[in-house]
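To keep things clear, I will list the structure first and then write my remarks on it.
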Amino acid sequence: MPDQHHRTTTGSPPTPTLEVRELVKTFGTVRANDGISFTIMPGEVHALLGENGAGKSTLVKSLYGVHQPDSGQILRNGEPVTIHSPATARELGIGMVFQDMRLIPALTVWENVALHLSDTPFALRPRALRARITETSERYGLATHPGRKVEHLSIGEWQRVELVKVLLGGLDMLILDEPTSVLTPQEVSGLFDMVARLKSEGVAIVIITHKLREVRQIADKVTVLRGGRTILSDAPPATLSDDELITAMVGEPVAILEKRSTSAEHATAEPIIGLSGVSVRRVDGDWGLREVSLEVLPGQILGVAGVAGSGQDELSETLLGLRQPHSGTVMLDGAIVELPAVARMRKAGVIAVAPDPIRQFVVPGMSAAQHAALWNAAGSYSFDTRKADADLARRDAAGQLRVVAGSRRMDRLSGGNVQRALLTLALTSPCRVLVASYPTRGLDILTTERTRTLLKELCEAGSAVVLISEDLDELLTLSDRIAVLAGGRLTGIVPAAAADRRSIGELMTGKEAAA
Amino acid sequence: MNIVGEVLTTAIPGSVALLYPSLGELISERSGVTNLGTEGAMLAGALSGVAVTIATGNPWLGVLASLVAGAACGALHAGAVVWRRANQLASGLVVWFLALGVTSVLGSPLNGQVIDPLPAVRIPGLADIPGVGPALFDQNPLVYLAYVAVPALWFFITYTRPGLTLRATGERPAVVFASGSHPSVIRFAAVTVGSALAGLGGAQLSIGIVGNWSDDMTNGYGFVAVAVVIFARWSPIGVLIGSYLFGAALAVSSVVQANGIAVNQYLLDALPYAITIVVLVIVSGFGRSNAPESQRDALSETQ
Ligand SMILES: Nc1ncnc2c1ncn2[C@@H]1O[C@H](COP(=O)(O)OP(=O)(O)OP(=O)(O)O)[C@@H](O)[C@H]1O
Ligand SMILES: [Mg+2]
Numbered sequence: 000m001p002d003q004h005h006r007t008t009t010g011s012p013p014t015p016t017l018e019v020r021e022l023v024k025t026f027g028t029v030r031a032n033d034g035i036s037f038t039i040m041p042g043e044v045h046a047l048l049g050e051n052g053a054g055k056s057t058l059v060k061s062l063y064g065v066h067q068p069d070s071g072q073i074l075r076n077g078e079p080v081t082i083h084s085p086a087t088a089r090e091l092g093i094g095m096v097f098q099d100m101r102l103i104p105a106l107t108v109w110e111n112v113a114l115h116l117s118d119t120p121f122a123l124r125p126r127a128l129r130a131r132i133t134e135t136s137e138r139y140g141l142a143t144h145p146g147r148k149v150e151h152l153s154i155g156e157w158q159r160v161e162l163v164k165v166l167l168g169g170l171d172m173l174i175l176d177e178p179t180s181v182l183t184p185q186e187v188s189g190l191f192d193m194v195a196r197l198k199s200e201g202v203a204i205v206i207i208t209h210k211l212r213e214v215r216q217i218a219d220k221v222t223v224l225r226g227g228r229t230i231l232s233d234a235p236p237a238t239l240s241d242d243e244l245i246t247a248m249v250g251e252p253v254a255i256l257e258k259r260s261t262s263a264e265h266a267t268a269e270p271i272i273g274l275s276g277v278s279v280r281r282v283d284g285d286w287g288l289r290e291v292s293l294e295v296l297p298g299q300i301l302g303v304a305g306v307a308g309s310g311q312d313e314l315s316e317t318l319l320g321l322r323q324p325h326s327g328t329v330m331l332d333g334a335i336v337e338l339p340a341v342a343r344m345r346k347a348g349v350i351a352v353a354p355d356p357i358r359q360f361v362v363p364g365m366s367a368a369q370h371a372a373l374w375n376a377a378g379s380y381s382f383d384t385r386k387a388d389a390d391l392a393r394r395d396a397a398g399q400l401r402v403v404a405g406s407r408r409m410d411r412l413s414g415g416n417v418q419r420a421l422l423t424l425a426l427t428s429p430c431r432v433l434v435a436s437y438p439t440r441g442l443d444i445l446t447t448e449r450t451r452t453l454l455k456e457l458c459e460a461g462s463a464v465v466l467i468s469e470d471l472d473e474l475l476t477l478s479d480r481i482a483v484l485a486g487g488r489l490t491g492i493v494p495a496a497a498a499d500r501r502s503i504g505e506l507m508t509g510k511e512a513a514a
Numbered sequence: 000m001n002i003v004g005e006v007l008t009t010a011i012p013g014s015v016a017l018l019y020p021s022l023g024e025l026i027s028e029r030s031g032v033t034n035l036g037t038e039g040a041m042l043a044g045a046l047s048g049v050a051v052t053i054a055t056g057n058p059w060l061g062v063l064a065s066l067v068a069g070a071a072c073g074a075l076h077a078g079a080v081v082w083r084r085a086n087q088l089a090s091g092l093v094v095w096f097l098a099l100g101v102t103s104v105l106g107s108p109l110n111g112q113v114i115d116p117l118p119a120v121r122i123p124g125l126a127d128i129p130g131v132g133p134a135l136f137d138q139n140p141l142v143y144l145a146y147v148a149v150p151a152l153w154f155f156i157t158y159t160r161p162g163l164t165l166r167a168t169g170e171r172p173a174v175v176f177a178s179g180s181h182p183s184v185i186r187f188a189a190v191t192v193g194s195a196l197a198g199l200g201g202a203q204l205s206i207g208i209v210g211n212w213s214d215d216m217t218n219g220y221g222f223v224a225v226a227v228v229i230f231a232r233w234s235p236i237g238v239l240i241g242s243y244l245f246g247a248a249l250a251v252s253s254v255v256q257a258n259g260i261a262v263n264q265y266l267l268d269a270l271p272y273a274i275t276i277v278v279l280v281i282v283s284g285f286g287r288s289n290a291p292e293s294q295r296d297a298l299s300e301t302q
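Right, dumping it as structure tokens:
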């Protein structure tokens, strides 16, 4: 439970919960943080904005003792402090939820919490701890199952467990590194309720996000980083327009993509992939997809909406030929295919943007160029890193997603930079069907717009795009048709021109379309 | 005594000699370090146990010495792997070879010297159970300690804070670090303690069972221990089953030998190993694996 370390003295202004002065952190030649200053007051929600690689995660990791800054000062309640390690940070009442979440999948929820808490007794007392977890969960509206194994949790619950774990440690300052990028709209509002609750208890909250809508919704102050420097410090967002904020982040104004004018002219084209009555079982025995029938048409973007875990992953895996359906048929160019048939689908030009790139794309220890070589080598015997490096540069020129140098190690990149590398490879590869899962997750504003433009161009060039996303605005802007999944069932396929947030939202809750 | 009792009487002490190194290996691997030096630690334990017993006349000081010798081998391996980031497989094999060479040089004067093995302590009441009683409850104290060791270890890794930290270290050291513990320290401790148990296994062979020292007397028990842990899927109960199975197979083949039944000698010697592996491979197909994440990729280097 958060204990209040701060004092609210009447008269004199309250002491800042945390003050950062001229913080510098370098990694070899990369100046990730280059003189950062900002101040957080008690009971304040402070948003940190900036492009991918701007140094946001590096900054908050320094505040949590993961990194040691090269120079600069950190003042905690007015006192200069040195934060040697995460343990020190926790003693100081600072809690953090990392961008790449830190739970051990093989352990249960309560075991993960026990590992984190410093007051865990020698002989674990599961019953008592589970009760404490449940109590805190209920207090902050964070539904969790203390006895479940973490590997079986949805990404949303995984994050709630992280929050409960951090809250149980006791804190008066909470750092959230891109908490919303993996959440559904419903989960985001749950998270924000919790933030409001903590705020009313006097806890200071630092939140990193790429979404201006969210900044407007909860932030009291905003600080913008670009290239490791503070461009704006402690500014109240109400005094700034969207354009001003974007210009501060990117350095120039960014044109937001207009809604695609969709037409039904392709509707007569032969589908590339057709599913009819396909049901897929998940590993845990539940139904992933139930009786789903849909067609993937060339020159069209098929949006897929649904709350997390409604069958999106099973759908993309079926389209990619990775899954063996329990029943139903899958047609490729008019012929029935027996799945699994990964090689055959790939040969037919079906490629993917993986839903979880850190786990499904990144090979630890390998460079960006080696990843490109792996991508190019799929289906052939050649593996040429030098050629792949040149190829990556060429693709980057075409894709304009500003991918990092080929020599950089993938597992050391910021979350957004990993996504950019994957998108550069996927969106510039010749293909007939692109199955893109959450392509703009974790991307900054400029890259998000570039990615959407590339998807649009791909479709205009005649490819079929299946766009799985939790961002309804993105789906409405880009799609020709939107398929809505709820609990593995297809509750409707609606033309995007005739849809809006409300009607899609209704289908997402499981109400079938009237037609 | 009946035939079951006869087999059990030989089976139990042999099983215990495998159980200790297996439990040690389990602790080590749960922290994320494979220790192929287990065989070496057993040899070191076996020799120092005999040497100290001869020097002092007290077999319990011998047992103590075997623990220390095993721990030293473990510290060597852990030092190389944890602090110097050496390859786990290479370092383990080097420790084994080193121990093999050193024990055969230092042990040569002791070859053929006989000591009194650890005395059996008869547990009144239980030892009178007809059939199995004497086999289970008229043994040396190391055997009784082994009975307690398995549930104790199971409780330790499942229900204590250090046990939880140990498991977490084998899964994701970075998370353990973020929670305020030091994965390197935990690994060092786990490998050293695990190896001390291997030394104890060596003592059970040399001072517990035969009462003398001979070159390379551990006969690959240390390597079987590594296999037992893997096929037992890193669970203490599985290790228990694997070890007693091996002991039973060993006992059956020696009873066969003792009764003069004509079977190829080498085949007979190989039999316990073969039976243990085959059964464990079959059994390991069922249930869930506890394989630590750092061990999942075919025993490669960690970090
Ligand atoms: N451990 C590390 N070793 C080397 N370079 C690093 C390391 N961590 C971060 N960097 C580099 O520092 C810079 C800032 O990275 P950081 O993760 O702070 O970005 P970010 O603002 O959080 O971006 P994103 O929005 O993509 O998460 C990047 O160029 C990144 O590649
Ligand atoms: Mg980041």
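Protein chains in written order, with numbering that gives the first Met the number 0: chain A, 0 to 514; chain B, 0 to 302. C-beta atoms are modelled at their ideal positions from N, C-alpha and C, and glycine is treated no differently.
Legend entry - For I230(A) and H45(A), believed in contact at Cβ under 8 Å, the rounded distance: Actually they are not in contact, since the Cβ atoms of H45(A) and I230(A) sit about 15 Å apart, beyond 8 Å.
Inset, instruction - Give a single yes or no on whether T52(B) has its beta carbon closer than 7 Å to a heavy atom of ligand 1. - result: Not so, every heavy atom of ligand 1 lies at least 7 Å from the Cβ.
Legend entry - Check whether G94(A) and V149(A) have beta carbons under 8 Å apart: No, the Cβ-Cβ distance between G94(A) and V149(A) is not below 8 Å.
Legend entry - Three-pair Cβ contact test at 8 Å for the stretch 13-31 of chain B versus the stretch 160-172 of chain B: The answer is yes - the stretch 160-172 of chain B touches the stretch 13-31 of chain B, with three or more Cβ pairs under 8 Å.
Legend entry - Residue interval of the beta strand (DSSP E) (run including N416(A)): Where N416(A) is concerned, there is no enclosing beta strand (DSSP E), although the alpha helix (DSSP H) it sits in stretches over G414 to L426.
Inset, instruction - For I260(B), count neighbouring C-beta atoms within 10 Å of its own C-beta (all shown protein chains included) and say buried if the count is 16 or more, exposed if not. - result: The Cβ neighbour count for I260(B), taken over all protein chains shown within 10 Å, is under 16; the residue is labelled exposed.
Inset, instruction - Express the C-alpha separation of L163(B) and I156(B) in angstroms, rounding to a whole number. - result: One alpha carbon belongs to I156(B), the other to L163(B), and they sit about 6 Å apart.
Inset, instruction - Taking 8 Å as the threshold, find out whether the stretch 203-214 of chain B comes into contact with the stretch 1-14 of chain B through three or more Cβ pairs. - result: Two segments are said to touch when three or more pairs of C-beta atoms, one from each, lie closer than 8 Å; by this definition the stretch 203-214 of chain B touches the stretch 1-14 of chain B.
Legend entry - Neighbour-count burial assignment, Q98(A), 16 or more Cβ in a 10 Å radius: It is buried - the Cβ of Q98(A) has at least 16 other Cβ atoms within 10 Å.
Inset, instruction - Report the rounded CA-to-CA distance for A290(B) versus V149(B), giving the unit in angstroms. - result: Near 18 Å, if we compare the C-alpha coordinates of V149(B) and A290(B).
Legend entry - Where Q67(A) falls, given that 16 or more other Cβ within 10 Å makes a residue buried: So Q67(A) ends up on the exposed side.
Legend entry - Cα-Cα separation between A64(B) and A145(B), rounded to whole angstroms: Distance between the alpha carbons of A64(B) and A145(B): 18 Å.
Inset, instruction - Tell me whether E213(A) counts as near ligand 2, meaning its Cβ is closer than 7 Å to at least one heavy atom of that ligand. - result: Checking the Cβ of E213(A) against ligand 2 gives no.
Legend entry - Minimum Cβ-Cβ distance from L66(B) to chain A less than 8 Å: Not an interface residue.
Inset, instruction - Report the residues of the stretch 74-91 of chain A with a CB closer than 8 Å to any CB of chain B, ordered along the chain. - result: Within the stretch 74-91 of chain A, the residues whose Cβ lies closer than 8 Å to some Cβ of chain B are S84, P85, A86 and R89, listed in chain order.
Legend entry - From V280(B), W59(B) and A126(B), residue whose alpha carbon lies closest to that of G238(B): Rather than Gly, the amino acid found at residue 238(B) in this sequence is Val. Ranking V280(B), W59(B) and A126(B) by Cα distance to V238(B) puts V280(B) first.
Inset, instruction - Would you mind sorting G285(A) into buried or exposed? The rule is 16 or more other CB atoms within 10 Å of its CB. - result: In the sequence on display, residue 285(A) carries Asp and not Gly. D285(A) should be labelled exposed.
Inset, instruction - Mind checking the stretch 407-429 of chain A against chain B and listing, in chain order, the residues whose C-beta falls within less than 7 Å of any C-beta there? - result: So the list is empty, because no residue satisfies the distance condition.
Legend entry - Near ligand 1: N375(A) beta-carbon under 7 Å from a heavy atom: Checking every heavy atom of ligand 1 against the Cβ of N375(A), none is found closer than 7 Å.
Inset, instruction - Output, in sequence order along the chain, the residues in the stretch 167-184 of chain B whose CB is closer than 8 Å to any CB in chain A. - result: Correct list: A167, E170, R171, A173, V174, V175, F176, A177, S178 and G179.
Inset, instruction - Could you tell me whether the Cβ of S61(A) comes closer than 8 Å to any Cβ of chain B? - result: No - not a single Cβ of chain B is within 8 Å of the one on S61(A).
Legend entry - Residue-chain proximity (E292(B), chain A), Cβ-Cβ < 8 Å: Interface residue (Cβ-Cβ distance to chain A less than 8 Å): E292(B) is classified as such.
Legend entry - Short Cβ contact (8 Å threshold) for L35(B) with W82(B): Contact: no.
Inset, instruction - Label A54(B) either buried or exposed according to how many other C-beta atoms from any shown protein chain fall within 10 Å of its C-beta, with 16 as the threshold for buried. - result: Exposed is the call here.
Inset, instruction - Sort out for me which residues DSSP pairs T25(A) with in a bridge. - result: According to DSSP, T25(A) bridges with R30(A).
Inset, instruction - Could you say which of C430(A), G302(A) and N375(A) lies nearest to D472(A) if we only look at CA atoms? - result: Per the Cα distances, G302(A).
Inset, instruction - Grab the span of the beta strand (DSSP E) containing K220(A) for me, first residue to last. - result: K220(A) -> beta strand (DSSP E) spans K220 to R225.
Legend entry - Lining residues of ligand 2 - beta-carbon closer than 7 Å to any non-hydrogen atom, in sequence order: Ordered along the chain, residues surrounding ligand 2 are K55(A), S56(A), Q98(A), D176(A), E177(A), I207(A), S413(A), G414(A) and G415(A) [Cβ under 7 Å from any heavy atom].
Inset, instruction - Quick one: list the residues of chain A neighbouring T159(B), beta-carbon separation under 8 Å, in chain order. - result: F121, A122 and L123, listed in chain order.
Inset, instruction - With hydrogens ignored, establish whether the beta-carbon of G441(A) is closer than 7 Å to any heavy atom of ligand 1. - result: Answer for G441(A): yes, Cβ within range of ligand 1.
Inset, instruction - Establish whether the CB of A552(A) and some CB of chain B are separated by less than 8 Å. - result: What is shown of chain A runs 0 to 514, which leaves residue 552(A) out entirely.
Legend entry - Interface partners of R101(A) on chain B, CB under 9 Å: Neighbours of R101(A) across chain B, judged by C-beta separation under 9 Å: R171, A173, V174, A177 and S178.
Inset, instruction - Measure the CB-CB distance between S56(A) and L22(A) and report whether it falls below 8 Å. - result: The Cβ atoms of S56(A) and L22(A) do not sit closer than 8 Å to each other.
Legend entry - Check: A53(A) C-beta below 7 Å from any heavy atom of ligand 1: It does: the Cβ of A53(A) is within 7 Å (strictly closer) of some heavy atom of ligand 1.
Inset, instruction - Would you mind stating whether I207(A) and V181(A) have Cβ atoms separated by less than 8 Å? - result: With respect to V181(A), I207(A) sits apart: the two C-beta atoms are not nearer than 8 Å.
Legend entry - At least 3 beta-carbon pairs within less than 8 Å: the stretch 118-128 of chain B vs the stretch 95-104 of chain B: Contact between the stretch 118-128 of chain B and the stretch 95-104 of chain B is absent: fewer than three C-beta pairs spanning the two stretches fall below 8 Å.
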